[in-house]
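Numbering (the UniProt record's numbering), first residue to last: 1 to 298. Where a beta carbon is used, it is the ideal one built from N, C-alpha and C, also for glycine.
Given below as structure tokens:
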């Protein structure tokens, strides 16, 4: 008899295609995912930082309620996609050990994006959808956002979306999963962009599902993370998601959709800061991250 225990987790990273993976897996007949991407359950249960829960449609706080999200599942496999599980790995691992009867058998999928690209994408996401709405400005510019991070790390009420560099220090995050689970698959975000069919075949093979008979429409683009940060007030929702309104309001269009251009100097500084971490990541995974991402030693 099929239980409500999860068989696999896609744990991150953020801004690395996890929403697309969620949407593709939802179309597989023998895979069940909770309708709410990012339940946060496996880390929020013990995590002192509760900031993400304010943006959830429904907060799942008990194991019983978590299992209820899978109560309608008749699929062969149950899983969840939640990109913050990579950063908050210590809580996830602790809680899986406590509540999952076969935690080591849970299959872990990690997809990673080149660090500088991921950080800039995260910043653009925050600055366009969170920070420049009406009179609210979170950071003057990208450099200021980076400079404020150390203080923000001390704030338990700060969204991890603002931990630009810390959430991107992949090496120890990935190592934690490699150390505690028997089955861990690490993927490249660039591969998902360039050959999504091959990546999805890789994922279904890994979790023990048959390959898609009818593949999803890989040309369709998804980005739920923007919607996650939109206020829940019905009127504002209508404004945010109605392009007929948005594009007739120059102020909203400018401050919601125009992205700051990041100069090469800052990009180079960030790349130098992540050089050692990328090499550590490669050592842990035995995957060619330095070559693929351009972090090879001179």
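- request: Count the other C-beta atoms from every protein chain shown that fall within 10 angstroms of the C-beta of residue 268, then say buried if there are 16 or more, exposed otherwise.
  value: exposed
- prompt: Residues in its own chain within less than 6 Å of residue 175 by CB, not counting five upstream and five downstream?
  reply: 284
- prompt: So the alpha helix (DSSP H) residue 278 belongs to, where does it begin and stop?
  reply: 264-285
- request: May I ask you to report which of helix, strand or coil DSSP gives residue 58?
  value: coil
- request: State buried or exposed for residue 134, treating a residue as buried only when at least 16 other CB atoms are found within 10 Å of its CB.
  value: Its pLDDT being 33, under 50, residue 134 is placed unreliably by the model, and nothing is read from it.
Span separating the alpha-carbon of residue 88 from that of residue 43: 6 Å
message: By DSSP's criteria, residue 12 is part of a beta bridge. Which residues make up the other side?
response: 110
Neighbourhood of residue 179 by C-beta, 6 Å cutoff - its chain only, sequence neighbours within 5 removed: none
Residue from 209, 286, 5 and 296 whose Cα sits closest to the Cα of residue 103: 5
- prompt: Would DSSP call residue 95 helix, strand or coil?
  reply: helix
field: Boundaries (first-last residue) of the beta strand (DSSP E) holding residue 153
entry: Counting along the chain, residue 153 falls outside any beta strand (DSSP E), and DSSP gives it neither H nor E.
- prompt: Helix, strand or coil for residue 105 per DSSP?
  reply: helix
query: Is residue 78 buried or exposed, if buried means 16 or more other CB atoms sit within 10 Å of its CB?
result: buried
- request: Express the C-alpha separation of residue 110 and residue 7 in angstroms, rounding to a whole number.
  value: 15 Å
field: Completely contained alpha helix (DSSP H) runs for the segment 147-194, where each covers 4 or more residues
entry: 149-152, 170-180 and 189-194
field: Proximal residues to residue 30 (C-beta, below 6 Å), its chain only, five neighbours per side dropped
entry: 75, 76 and 209
query: To which residues of the same chain is residue 142 closer than 7 Å at the C-beta, ignoring the five residues directly before and after it?
result: 123, 260, 262 and 266
message: Quick test of your reading: residue 112 and residue 66, contact by CB under 8 Å. State the CB separation rounded to the nearest angstrom.
response: Contact flag wrong, Cβ pair sits at about 26 Å.
message: Which residue marks the beginning of the beta strand (DSSP E) containing residue 25, and which one marks its end?
response: No beta strand (DSSP E) contains residue 25, which is instead part of the alpha helix (DSSP H) from 18-26.
message: Give me, in chain order, the residues of the same chain whose beta-carbon lies closer than 7 Å to that of residue 33; leave out the 5 immediate sequence neighbours on both sides.
response: 22, 25, 26, 79, 80 and 81
- prompt: Based on Cα-Cα distance, which residue from 201, 207, 206 and 221 lies nearest to residue 214?
  reply: 201
message: Tell me which residues share the same chain as residue 273 and place their Cβ nearer than 8 Å to its Cβ, disregarding the 5 neighbours each side in the sequence.
response: 165
task: Leaving out five residues on either side along the sequence, give the residues of the same chain with a beta carbon under 7 Å from the beta carbon of residue 287.
output: 186
query: Going by alpha carbons, who is nearest to residue 35 out of 47, 48, 16 and 60?
result: 60
- request: Could you work out which residue in 295, 12, 14 and 47 is closest to residue 157 when comparing CA atoms only?
  value: 47
query: Beta carbon of residue 212, beta carbon of residue 196: below 8 Å?
result: no
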